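Visitor: Got a structure for you, questions after.
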């Protein structure tokens with residue numbers, strides 16, 4: 003991944019621009035708290051303080067003993083022959099046990115708070131679908147989904163129903179102090195109440211493949227008035243140019259982790275450049291000839307609209323010959339990518355033709 007970013011500075015700049023540095027808390031440590039789960043910070047700093055205290059204490063006793071009781075002459079006898087001190091051993095066993103039990107009780111209560119979904123949050127349930135390497139969100143009482151970004155209403159508890167389409171992922175929003183594994187074949191839930199308007203970061207916190215570091219989404223917390231306008235519903239295909247723009251947004255959210263648009267191919271065929279899917283010929287945009295593998299047999303096909311649709315709906319039907327060994331693309335059925343959205347993606351591909 004690092005090598006790819008170094009080879010493609012534009013891609014590296016784009017990746018960095020998508021994840022600006024978060025605001026830090028008063029101690030310069032955790033991202034600024036933007037939810038009601040403040041007990042996470044308290045437990046974190048309590049554990050931090052305990053670690054520092056005992057590190058200094060043990061290191062101080064060790065250094066004092068090394069200096070005071072060091073051997074000054076070769077024949078110096080030992081300062082003491084004591085090998086056992088029961089009261090001391092009880093003290094350094096009982097005190098750490100009490101501290102650890104406090105941490106456990108504190109963390110257990112916080113875990114219960116996070117996993118016990120209140121009624122207000124259950125009535126405002128989102129669905130977050132994880133797949134290599136993007137996030138797709140379904141909104142309560144709204145038919146339009148969004149990819150790569152999600153909008154929430156400030157001060158309104160929200161529950162997320164989590165599912166994975168492929169491998170193990172993790173739903174992690176540092177500013178909200180929530181993290182939950184997304185396990186294939188099983189629904190998980192997480193909830194929180196956003197308390198500040200702004201833009202926050204959602205990461206996958208479980209290694210899920212080569213482009214794991216690009217599995218990132220933005221969390222927009224807005225006012226009730228702004229949320230009522232459905233700001234995620236920006237799809238427009240009323241003209242070919244607007245359709246291509248909408249297709250570009252879909253590309254950035256769902257496809258950019260694997261497909262490039264500059265002709266450089268690493269994980270999957272590039273959509274643009276001199277190796278793009280479409281080319282201009284006699285003033286028209288036509289599909290390029292491509293080598294594919296179908297049912298184990300090599301053949302040449304034209305990358306026309308029918309081929310593109312089949313490759314998105316059933317990506318394993320005809321594998322690009324150069325990438326057949328790496329093929330692991332998920333199928334995008336109508337429930338994930340509508341026909342209108344698919345047409346917009348094709349319009350964007352055509353706009354890249356040279």
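Numbering (this note's numbering), first residue to last: 3 to 356.
Glycine residues also receive a C-beta, built at the ideal position from the N, C-alpha and C atoms.
Keep in mind that this is a model prediction, so the values were computed, not measured.
1) Among the candidates 127, 138 and 252, whose CA atom is the shortest distance from the CA of residue 2?
2) So, for residue 40: in the same chain, excluding its five sequence neighbours on each side, which residues have a beta-carbon less than 6 Å away from its beta-carbon?
3) With the cut-off set at 9 Å, would you say residue 186 and residue 170 are in Cβ contact?
4) Using the Cα positions of residue 296 and residue 28, report the straight-line distance between them to the nearest angstrom.
5) For residue 116, does the count of other Cβ atoms within 10 angstroms reach 16, so buried, or fall short, so exposed?
6) Where does residue 71 land, buried or exposed, given buried means 16+ other C-beta within 10 angstroms?
7) From the DSSP output, in three-state form, read off residue 48 for me.
8) Among 205, 154 and 77, whose alpha-carbon lies nearest the alpha-carbon of residue 133?
9) Might you give, ordered along the chain, the residues of its own chain that have their beta carbon closer than 6 Å to the beta carbon of residue 354, omitting 5 neighbours on each side?
10) Are residue 334 and residue 344 touching if we call contact CB-CB under 9 Å?
11) Comparing C-alpha positions only, which one of 226, 356, 249 and 312 sits nearest to residue 350?
12) What residue does the beta strand (DSSP E) around residue 282 start on, and which one ends it?
13) Short check: CB of residue 293 to CB of residue 255, under 9 Å?
14) Starting from residue 121, follow the beta strand (DSSP E) in both directions and report where the run begins and ends.
15) If you reduce the DSSP assignment to three classes, tell me which class residue 206 lands in.
16) Check for me: the beta strand (DSSP E) holding residue 137 runs from which residue to which?
17) Could you spell out where the alpha helix (DSSP H) holding residue 312 opens and where it closes?
18) I'd like the list of long-range same chain contacts for residue 219, defined as Cβ closer than 7 Å, with 5 residues on each side in sequence excluded.
Guide: Per the coordinate set shown:
1) Since the first residue of the chain shown is 3 and the last is 356, residue 2 is not available in this structure.
2) Within the chain shown, residue 40 is the residue found at index 38, counting from 1. Excluding positions up to five away in sequence, the list is empty.
3) For the purposes of this step, residue 186 is taken as the residue at position 184 of the chain shown. For the purposes of this step, residue 170 is taken as the residue at position 168 of the chain shown. Yes, these two residues count as a Cβ contact at 9 Å.
4) As a working mapping, residue 296 is identified with position 294 in the chain shown. As a working mapping, residue 28 is identified with position 26 in the chain shown. For the pair residue 296 and residue 28, the Cα-to-Cα distance works out to about 59 Å.
5) Numbered from its first residue, the chain shown carries residue 116 at position 114. When all chains shown are included, residue 116 counts as buried.
6) By 1-based counting over the chain shown, the position of residue 71 is 69. Flag for residue 71 reads exposed.
7) The residue labelled residue 48 in the question sits at position 46 within the chain shown. Residue 48 falls in the helix class under three-state DSSP.
8) Here residue 133 corresponds to residue number 131 of the chain shown, with the count starting at 1. If we check each option's Cα against that of residue 133, 205 comes out closest.
9) As a first step, residue 354 is located in the chain shown; it is residue number 352 there, counting from the start. Hits under 6 Å: 263, 273, 274 and 278.
10) Your numbering for residue 334 matches position 332 in the chain shown. Your numbering for residue 344 matches position 342 in the chain shown. Yes, they are a contact pair.
11) As a position in the chain shown, residue 350 is number 348, starting the count at 1. For residue 350, the nearest C-alpha among the options comes from 249.
12) Numbered from 1 along the chain shown, position 280 holds the residue referred to as residue 282. For residue 282, the enclosing beta strand (DSSP E) begins and ends at 280-283.
13) Against the chain shown, residue 293 aligns to sequence position 291. Against the chain shown, residue 255 aligns to sequence position 253. No. Outside cutoff.
14) As a position in the chain shown, residue 121 is number 119, starting the count at 1. Not the beta strand (DSSP E): residue 121 falls in the alpha helix (DSSP H), residues 121-124.
15) Counted from its first residue, the chain shown places residue 206 at position 204. In this structure, residue 206 counts as strand in the three-state DSSP scheme.
16) As a first step, residue 137 is located in the chain shown; it is residue number 135 there, counting from the start. Start and end: 136-140.
17) Along the chain shown, one-based indexing puts residue 312 at 310. Counting along the chain, the alpha helix (DSSP H) containing residue 312 begins and ends at 307-315.
18) To locate residue 219, count along the chain shown from 1; it is residue 217. Hits under 7 Å: 137, 150, 151, 152 and 204.
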